[in-house]
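S.K.: All residue numbers in the sequence shown are consecutive under the working numbering, ending with 317.
Using N, Cα and C, we set each Cβ at its ideal position, and we do this for glycine too.
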Amino acid sequence: MSTEHISNTDVLPAPEIVEVSDGIFAYIQHDGSWCLNNPAFIDIGGQVIAIDACATERRTRLFREAIAQISRNPVRTLINTHAHLDHTFGNYLFAEDAVIVGHRNCRDEIVRDAPGLPERAKGMFPSVDWGEIEVVAPNLTFDDTLTLYAGDLELQLIYVSPAHTNTDAVVWIPERQVLIAGDIIFNQGTPFALMGSVAGWLTALDRLRELPIATVIPGHGPVTDASVLDDVGDYLQFVQQSAQVAYDGGVDPLDAARDLDLGRFGEWTDTERIVGNLHRAYSELRGEPLGAEIDMASAFGQMLEYNGNQPLRCLA
Ligand SMILES: [Zn+2]
Numbered sequence: 002m003s004t005e006h007i008s009n010t011d012v013l014p015a016p017e018i019v020e021v022s023d024g025i026f027a028y029i030q031h032d033g034s035w036c037l038n039n040p041a042f043i044d045i046g047g048q049v050i051a052i053d054a055c056a057t058e059r060r061t062r063l064f065r066e067a068i069a070q071i072s073r074n075p076v077r078t079l080i081n082t083h084a085h086l087d088h089t090f091g092n093y094l095f096a097e098d099a100v101i102v103g104h105r106n107c108r109d110e111i112v113r114d115a116p117g118l119p120e121r122a123k124g125m126f127p128s129v130d131w132g133e134i135e136v137v138a139p140n141l142t143f144d145d146t147l148t149l150y151a152g153d154l155e156l157q158l159i160y161v162s163p164a165h166t167n168t169d170a171v172v173w174i175p176e177r178q179v180l181i182a183g184d185i186i187f188n189q190g191t192p193f194a195l196m197g198s199v200a201g202w203l204t205a206l207d208r209l210r211e212l213p214i215a216t217v218i219p220g221h222g223p224v225t226d227a228s229v230l231d232d233v234g235d236y237l238q239f240v241q242q243s244a245q246v247a248y249d250g251g252v253d254p255l256d257a258a259r260d261l262d263l264g265r266f267g268e269w270t271d272t273e274r275i276v277g278n279l280h281r282a283y284s285e286l287r288g289e290p291l292g293a294e295i296d297m298a299s300a301f302g303q304m305l306e307y308n309g310n311q312p313l314r315c316l317a
């Protein structure tokens, strides 16, 4: 049996740079499925601010090369939108020259989970060539909001958790009406609330709807506009409603997921996340606090069962 690594250059289009507004770039990693996140960068004011790293050493090095092709300016700041490894494993490739900014919870979670994390990632996504990952957490943290500037351009970091995780911040650029959403927005991919909160995520979307958003750089999937907030919201409401019926009927999350017709959401990538999302919705139906610790091993185990005991499809 071959253990050869399948990379996106074999089966997926190469990453793509999209200038969404003057000096603001999305780095789109197709097809946005597990661990294929979208970092971004802002080249304004004589230095570069990057938003998120990538999952693997190879992908983060490619991202850095892409920045260098556009800009001669140094990357002095890296923002982490949340703690997940596909956005933060590459932090160490920025750490020498850049301040790494994240919400307090983002730093705390990365520090807490760091021991053994690369090994656990290998266990979860065995086909991925992670490289020589060294886990590095943000070294500048904030609590609700933080304002920083790219030259004269104001960037607002807004903490919106519990939502996708308990560590989420979005980057809002008012003058350009650009939202760099992290994983608060999956575009054409299944939102994943297992490590955050379904109800809290809906609240976060309501909060973002108050902003005059023209352009969204999602955490996964193509660049889009504000209508994507409704797509994510519709899915999360579908999860809540499905969970309510199944929970009242005494059906466990895996069986509930198997019985569900995902409808248009079935066309998105990583549909098995419905199982994890139902686990999170059940926790909320039990009256547990939003974002409470729940049994991740059992939820992930059931996601694999839903997939016919195949590993999660990951092309990072
Ligand atoms: Zn994430």
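Check whether the Cβ of G220 lies closer than 7 Å to any heavy atom of ligand 1, and answer yes or no.
M.R.: Yes, the beta carbon of G220 sits closer than 7 Å to at least one heavy atom of ligand 1.
S.K.: Hey, is H280 close to ligand 1, as in C-beta under 7 Å from one of its heavy atoms?
M.R.: Incorrect: H280 has no Cβ contact closer than 7 Å to ligand 1.
S.K.: Less than 7 Å separating the Cβ of D98 from some heavy atom of ligand 1?
M.R.: Not so, every heavy atom of ligand 1 lies at least 7 Å from the Cβ.
S.K.: Quick one: Cα of L316 to Cα of V276, how far?
M.R.: Looking at the two C-alpha atoms, the distance is approximately 21 Å.
S.K.: Three or more C-beta pairs under 8 Å: does that hold for the stretch 156 to 163 against the stretch 85 to 101?
M.R.: Too few Cβ pairs lie closer than 8 Å, so no.
S.K.: Can you check whether the CB of N308 is closer than 8 Å to the CB of E273?
M.R.: Yes. Within cutoff.
S.K.: Rounding to the nearest angstrom, what Cα-Cα distance links G322 and L206 in this structure?
M.R.: Look at the range of the chain in this structure, 2 to 317, and you will see that residue 322 is not part of it.
S.K.: Output needed for S72: all residues of its chain with C-beta closer than 6 Å, excluding positions within five of it in sequence on either side, in chain order.
M.R.: Closer than 6 Å at the Cβ level, and outside the excluded window around S72, lie D44, V49.
S.K.: Here's the rule: buried if 16 or more other CB atoms are within 10 angstroms of the residue's CB, otherwise exposed. What is G103?
M.R.: Result: buried.
S.K.: Hey, which unbroken runs of the alpha helix (DSSP H) at 4 residues or more fall wholly within the stretch 141 to 217?
M.R.: Those alpha helix (DSSP H) runs which fall completely within the stretch 141 to 217 and span 4+ residues are 199 to 210.
S.K.: So, under 8 Å CB-CB, I174 and P219 are touching, yes? Tell me the CB distance rounded to an integer number of Å.
M.R.: That pair is no contact at about 15 Å.
S.K.: Can you determine whether any heavy atom of ligand 1 sits closer than 7 Å to the C-beta of D184, and answer yes or no?
M.R.: Within the cutoff, so yes.
S.K.: In chain order, what residues of the same chain have a beta carbon less than 7 Å from the beta carbon of A282, not counting five sequence neighbours either side?
M.R.: Excluding sequence neighbours, A282 sits near V199, V240, Q241, A244.
S.K.: So if DSSP puts Y28 in a beta bridge, which residue, or which two residues, is it bridged to?
M.R.: I18, per the DSSP bridge assignment.
S.K.: Does the Cβ of H165 lie closer than 7 Å to at least one heavy atom of ligand 1?
M.R.: H165 Cβ: within cutoff of ligand 1.
S.K.: Let's see if you can read the secondary structure: which residues bound the beta strand (DSSP E) around I134?
M.R.: Element bounds for I134: n/a, residue is neither H nor E.
S.K.: So is the beta-carbon of H104 under 7 Å away from any non-hydrogen atom of ligand 1?
M.R.: H104: no, Cβ never under 7 Å from ligand 1.
S.K.: Consider the C-beta atom of H31 and the heavy atoms of ligand 1; say whether any pair is separated by less than 7 Å.
M.R.: For ligand 1, not one heavy atom lies less than 7 Å from the Cβ of H31.
S.K.: Going along the chain, which residues of its own chain have a beta-carbon closer than 7 Å to the beta-carbon of M196, five neighbours each way excluded?
M.R.: Excluding residues within five positions, the ones whose Cβ falls inside 7 Å are T166.
S.K.: To the nearest angstrom, report how far apart T216 and T270 are at their CA atoms.
M.R.: One C-alpha to the other measures close to 22 Å.
S.K.: Please report the distance separating the alpha-carbon of A138 from that of D98.
M.R.: So the alpha carbons of these two residues sit roughly 14 Å apart.
S.K.: Could you pull the start and end residues of the alpha helix (DSSP H) that R60 belongs to?
M.R.: Here the alpha helix (DSSP H) through R60 covers 58 to 71.
S.K.: Can you give the beta carbon distance from R105 to D144, rounded, assuming they're within the 8 Å contact cut?
M.R.: Right, their Cβ atoms sit about 6 Å apart.
S.K.: Is the distance from the Cβ of G183 to the Cβ of A170 below 8 Å?
M.R.: Yes.
S.K.: Using alpha carbons as the reference points, say which of V136, R314, C107 lies closest to T82.
M.R.: Cα-wise, what sits closest to T82 is C107.
S.K.: Here's the rule I'm using: 16 or more other beta-carbon atoms within 10 Å means buried, otherwise exposed. How should E5 be labelled?
M.R.: Its pLDDT being 43, under 50, E5 is placed unreliably by the model, and the measurement read from it follows with that caveat. Exposed, because fewer than 16 other Cβ atoms sit within 10 Å of the Cβ of E5.
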